[in-house]
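Peer 1:
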Amino acid sequence: MPLSALEQQLSELFVAVIGRDIELDQTFFEAGATSLGLMRLHARFNEQLPQPVAMAALFEHVTVRRLAQHLSASPSVSVARAQGSDAGEQPMAIIGMSVNVAGAGNLAEFWAMVQGNELGIELFDAADGLVGARSQLAGMLDFDPEYFGISLQEARLMDPQQRHLLMGCVQALQHAAITPTADGPRIGLIASCGETTYFQQMLRETAEGDLPDGFQMALHHDKDFLATKAAYHLDLGGPALSVQAACGSSLIAVHLAAAMLRQGDSDVMLAAGVLVDPTLTNGYRYRPQHIFSRDGLCRPFSDDTSGTIGASGYGVVVLKPLARAQADGDR
Numbered sequence: 001m002p003l004s005a006l007e008q009q010l011s012e013l014f015v016a017v018i019g020r021d022i023e024l025d026q027t028f029f030e031a032g033a034t035s036l037g038l039m040r041l042h043a044r045f046n047e048q049l050p051q052p053v054a055m056a057a058l059f060e061h062v063t064v065r066r067l068a069q070h071l072s073a074s075p076s077v078s079v080a081r082a083q084g085s086d087a088g089e090q091p092m093a094i095i096g097m098s099v100n101v102a103g104a105g106n107l108a109e110f111w112a113m114v115q116g117n118e119l120g121i122e123l124f125d126a127a128d129g130l131v132g133a134r135s136q137l138a139g140m141l142d143f144d145p146e147y148f149g150i151s152l153q154e155a156r157l158m159d160p161q162q163r164h165l166l167m168g169c170v171q172a173l174q175h176a177a178i179t180p181t182a183d184g185p186r187i188g189l190i191a192s193c194g195e196t197t198y199f200q201q202m203l204r205e206t207a208e209g210d211l212p213d214g215f216q217m218a219l220h221h222d223k224d225f226l227a228t229k230a231a232y233h234l235d236l237g238g239p240a241l242s243v244q245a246a247c248g249s250s251l252i253a254v255h256l257a258a259a260m261l262r263q264g265d266s267d268v269m270l271a272a273g274v275l276v277d278p279t280l281t282n283g284y285r286y287r288p289q290h291i292f293s294r295d296g297l298c299r300p301f302s303d304d305t306s307g308t309i310g311a312s313g314y315g316v317v318v319l320k321p322l323a324r325a326q327a328d329g330d331r
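Numbering-wise, the sequence shown is residues 1 to 331 according to UniProt numbering.
1. May I have the straight-line CA-CA distance separating D280 from S250, to the nearest angstrom?
2. To the nearest angstrom, how far is the alpha carbon of G19 from that of L41?
3. On a Cα-Cα basis, can you pick out the residue from L49, E23 and F59 that is closest to L38?
4. Within 10 angstroms of the Cβ of V15, are there 16 or more other Cβ atoms? Answer buried if so, exposed if not.
5. Per DSSP, which residues does R20 bridge with? Please list them.
6. Work out the CA separation of A104 and V274 for me, nearest whole Å.
7. Is the separation between the beta-carbon of A43 and that of S4 shorter than 8 Å?
8. Among residues of its own chain, excluding the 5 on either side of R285, which ones have a beta-carbon nearer than 7 Å to its beta-carbon?
9. What residues in its chain sit with their C-beta under 8 Å from that of Q9, if we drop five residues either side in the sequence?
10. Residue 332 lies in the beta strand (DSSP E); which residues open and close that run?
11. Assign R163 to one of two classes, buried (16 or more other C-beta atoms within 10 Å of its C-beta) or exposed (fewer than that).
12. Between the alpha carbons of Q83 and S306, how many angstroms are there, rounded?
13. Could you tell me the distance, in whole angstroms, from the CA atom of residue 332 to the CA atom of S266?
14. Does DSSP classify P321 as helix, strand or coil?
15. Does Q153 pass the burial test, meaning 16 or more other C-beta atoms within 10 Å, or should it be called exposed?
16. Report the rounded CA-to-CA distance for Y232 versus M269, giving the unit in angstroms.
17. For Y147, which beta-bridge partners are listed by DSSP?
18. Check this for me: beta carbons of P169 and L189, under 8 Å apart or not?
19. Using three-state DSSP, classify Y232 as helix, strand or coil.
20. Contact defined as beta carbons within less than 8 Å: I believe A325 pairs with I95. What is the distance between those atoms, to the nearest angstrom?
21. Looking at C-alpha atoms only, which residue of G248, T34 and Q51 is the closest neighbour of V62?
22. Going by DSSP, what residues sit across from N117 in a beta bridge?
23. State the DSSP-derived secondary structure class of S4, mapped to helix, strand or coil.
24. Using CA coordinates, which residue listed in G149, V17 and S11 is at the minimum distance from residue 402?
25. Starting from N46 and walking both ways along the alpha helix (DSSP H), at which residues does that stretch end?
26. Do the stretch 194-210 and the stretch 285-305 touch if we need at least three Cβ pairs shorter than 8 Å?
27. Can you tell me where the alpha helix (DSSP H) with M260 in it begins and where it stops?
28. Is there at least one Cβ from chain D nearer than 8 Å to R20's Cβ?
29. Hey, how far is the Cα of K245 from the Cα of F45?
30. Does A237 come out as helix, strand or coil in the three-state DSSP assignment?
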């Protein structure tokens, strides 16, 4: 069966951007595209095609034939969705935030790092076969349990991600000039974290008889308890929810927090993401077609980029409806 004009154009654009031929029913990844390559292809499609193409369409309709059928059947669907999603939304304000990443332990240091065009990546000589690059926040295991009314034994068991989430939320609320009280605003929390490698290390290095029961261990390490445990220790009275969607978790946390504010579920919402992984200290193994960088550097939106690297840190934002924030005199 001969190719349609649209299928022919899609195939030619794929070859021009990716540099490889593609068959009609071959998936983009099978034909040699990477995630970064699909981003470039998406940009070229929107430059050359008469109708707009949503980025998600390239992951939902993964061959030339299926993408052509999708575009032919609903050429304006991406525009309609974008217009519909923006209608009537109540704008949100960020009234406070906190950050702790490699090279910047607070907002002021992070802003200086951005202005100075500095990298938060340390390059070093790693073992054979590993890329010597890491991005680890200082004081990875630091914590003041007494401040939160937590015992030393419980603090030792807690995943560092739980510890840093507590500290990040306190700093963000202080930046927003908010103190949680019983008669104050309802404050909620949407949070996400990374893999609990601290727990895995504890299981390897601690005798079974010295570990607490399974439920107690889950309270200290399981992602399900991340937000609710932090809300308990911080006396937050709004909704508390952990979300997990891999690399999109923190942005989804912001989306859900804004939705809850629009629904009236809370007066103020914290959206937080934290990843603290001690195993990232020794470098990593580069594998083609994986997400990790060949040379240990990240170059977002650059033609020279080859991927990302794992990093430890956290970020927290405090959200409030814009009209309410303006009425309350928030900055």
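Backbone N, C-alpha and C define an ideal beta-carbon position, used for all residues, glycine too.
Peer 2: In this structure, then:
1. Looking at the sequence shown, residue 280 is not Asp but Leu. The alpha-carbon atoms of L280 and S250 are separated by roughly 20 Å.
2. Between the alpha carbons of G19 and L41 lies a distance of about 11 Å.
3. That would be F59, whose Cα lies nearest to the Cα of L38.
4. Answer is exposed; the Cβ neighbour count stays below 16.
5. Beta-bridge pairing links R20 to no other residue.
6. 15 Å
7. Cβ atoms of A43 and S4: not closer than 8 Å.
8. G129 and L130
9. Q48 and L49
10. For residue 332 there is no data in the structure shown, the boundaries of the chain being 1 and 331.
11. buried
12. Note that Q83 scores 45 on pLDDT, short of 50, meaning its location in the model is unreliable; the coordinates nonetheless yield the value given after this. Their backbone Cα atoms lie some 34 Å apart in a straight line.
13. The chain is shown only over 1 to 331; residue 332 falls outside these bounds and no answer can be derived.
14. strand
15. By the neighbour-count criterion, in which a residue is buried when 16 or more other Cβ atoms sit within 10 angstroms of its Cβ, Q153 is exposed.
16. 15 Å
17. Its beta-bridge partners do not exist; DSSP assigns none.
18. Contrary to the premise, residue 169 reads as Cys rather than Pro in this sequence. Their beta carbons are under 8 Å apart, which means C169 touches L189 by this criterion.
19. Here Y232 sits in helix by DSSP.
20. Contact holds; Cβ gap of about 5 Å.
21. T34
22. N117 is not bridged to any residue.
23. coil
24. Look at the range of the chain in this structure, 1 to 331, and you will see that residue 402 is not part of it.
25. S35 to Q48
26. These segments do not touch.
27. For M260, the enclosing alpha helix (DSSP H) starts and ends at S249 to Q263.
28. Looking at the structure shown, chain D is missing, and only one protein chain is on hand.
29. Checking the displayed sequence, the identity of residue 245 turns out to be Ala instead of Lys. Between A245 and F45, the C-alpha separation is close to 27 Å.
30. The sequence given here places Gly at residue 237; Ala does not occur at that position. Here G237 sits in coil by DSSP.
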